[in-house]
Amino acid sequence: MRSLVGLLAVVAAASVYLYSLSLYLPAAPRRPPAAHRHHEESGEPADSSGEPSRLKFPSDLEELRELAELLQFYKTEHTGYVLLLFCSAYLYKQSFAIPGSSFLNILAGAIFGPYQGLLLACVLTTVGSTMCYLLSQIFGKRYIANLFPDKVSMLQRKVEENKDCLLFFLLFLRFFPMTPNWFLNMSAPIANIPITYFICSVFIGLLPYNFICVQTGVMLSEVASLDDLFSWGRLLQLLAIACMALLPGALIRRFSQNRLKLDVPSQNGLNTEKKVQ
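For the sequence shown, full-length UniProt numbering begins at 1 and goes up steadily by one.
What follows is the structure in structure tokens.
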């Protein structure tokens, strides 16, 4: 009971901090209505009133362009605050195993660019996952084992079977997840996975996923028309991104065929264990 109270206290303190930080969100630029944009394009004068732009996920090309403009505004005018708020929100999500990292990674690419965005996404993913590991180790071991007994037992067994090449086994789980990443973060201390191996596996293993999301955000911030979205240059860029993201997974899969002990489906549909010497 004491561990549950401690966890709730940590969640409450982090929630209050994040909420307090969000209260100081700088005002967004005012977006002119459609009629005003039409007058601007035709050179006619129009009323300068409009509604404030809002940060939301786009549902069409027009909203896509508006989001790109809004992100560029925040990047230029409020870089420090946006960086603090982004890092705080990312760590909050990762620490408490809240889904939604893909959207935050896309925002990282759109706001901070391909290189800074990727570095930021990888570092925050690693730090947040490590915080989740530590919270589970301090407060949640008993509860997680009671909530997911079968999954925890399977992970413990696989960790023990692959202890001679544990880092590569963890990388395999990140590239080809047998369980969701949030569950692996919480259950890793229960399975006695050393924190150093855990940190390395998160940073390296989630690099392709973070790379794809960040590059998507970069393209989101650069798109200006439908032609830009489906140009040959953009398609070649997407192909290069896919190849770079698939290469590490292919290398890990090749290694796993020779070294790792994994459950593979047999021809009759039953699960059997196989180790290739």
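Beta carbons: idealized from backbone N, C-alpha and C, even for Gly. Since the structure is predicted, the reported quantities are computational estimates derived from the model, not experimental observations.
What is the C-beta distance between residue i and residue j, in whole angstroms, given that I count them as a contact (C-beta under 8 Å)?
i           : j           : result
residue 155 : residue 191 : 5 Å
residue 140 : residue 7   : 6 Å
By the three-class DSSP mapping on this structure, what secondary structure does residue i have?
i           : result
residue 100 : coil
residue 26  : coil
residue 193 : coil
residue 128 : helix
residue 42  : Unreliable placement is indicated for residue 42, whose pLDDT of 48 sits below 50; the coordinate value is still reported in the next sentence. In this structure, residue 42 counts as helix in the three-state DSSP scheme.
residue 6   : helix
residue 180 : coil
residue 217 : helix
residue 113 : coil
residue 188 : coil
residue 14  : helix
Report yes if the CB atom of residue i is closer than 7 Å to the CB atom of residue j, and no otherwise.
i           : j           : result
residue 98  : residue 217 : no
residue 126 : residue 16  : no
residue 92  : residue 184 : no
residue 101 : residue 152 : no
residue 81  : residue 124 : no
residue 111 : residue 163 : no
residue 279 : residue 21  : Outside the shown range of the chain, which is 1 to 277, sits residue 279, and nothing can be said about it.
residue 122 : residue 210 : yes
residue 180 : residue 136 : no
residue 78  : residue 26  : yes
residue 214 : residue 108 : yes
residue 72  : residue 128 : no
Quick check on the DSSP output: the alpha helix (DSSP H) that includes residue i runs from which residue to which?
i           : result
residue 158 : 149-161
residue 88  : 79-95
residue 167 : 166-175
residue 206 : No alpha helix (DSSP H) holds residue 206; DSSP gives it neither H nor E.
residue 139 : Careful: residue 139 lies outside any alpha helix (DSSP H) and carries neither H nor E.
Chain D beta carbons: is any one of them nearer than 7 Å to that of residue i?
i           : result
residue 115 : Checking the listed chains, one finds no chain D in this structure; it contains a single protein chain.
**Request:** For the segment 157-177 and the segment 131-143, state whether three or more C-beta atom pairs, one from each stretch, are separated by less than 8 Å.
**Result:** The segment 157-177 makes no contact with the segment 131-143, as fewer than three CB pairs between them are under 8 Å.
**Request:** Check whether the segment 117-125 touches the segment 144-164, counting contact only when three or more Cβ pairs, one atom from each stretch, lie closer than 8 Å.
**Result:** Here the segment 117-125 does not lie against the segment 144-164, with fewer than 3 beta-carbon pairs under 8 Å apart.
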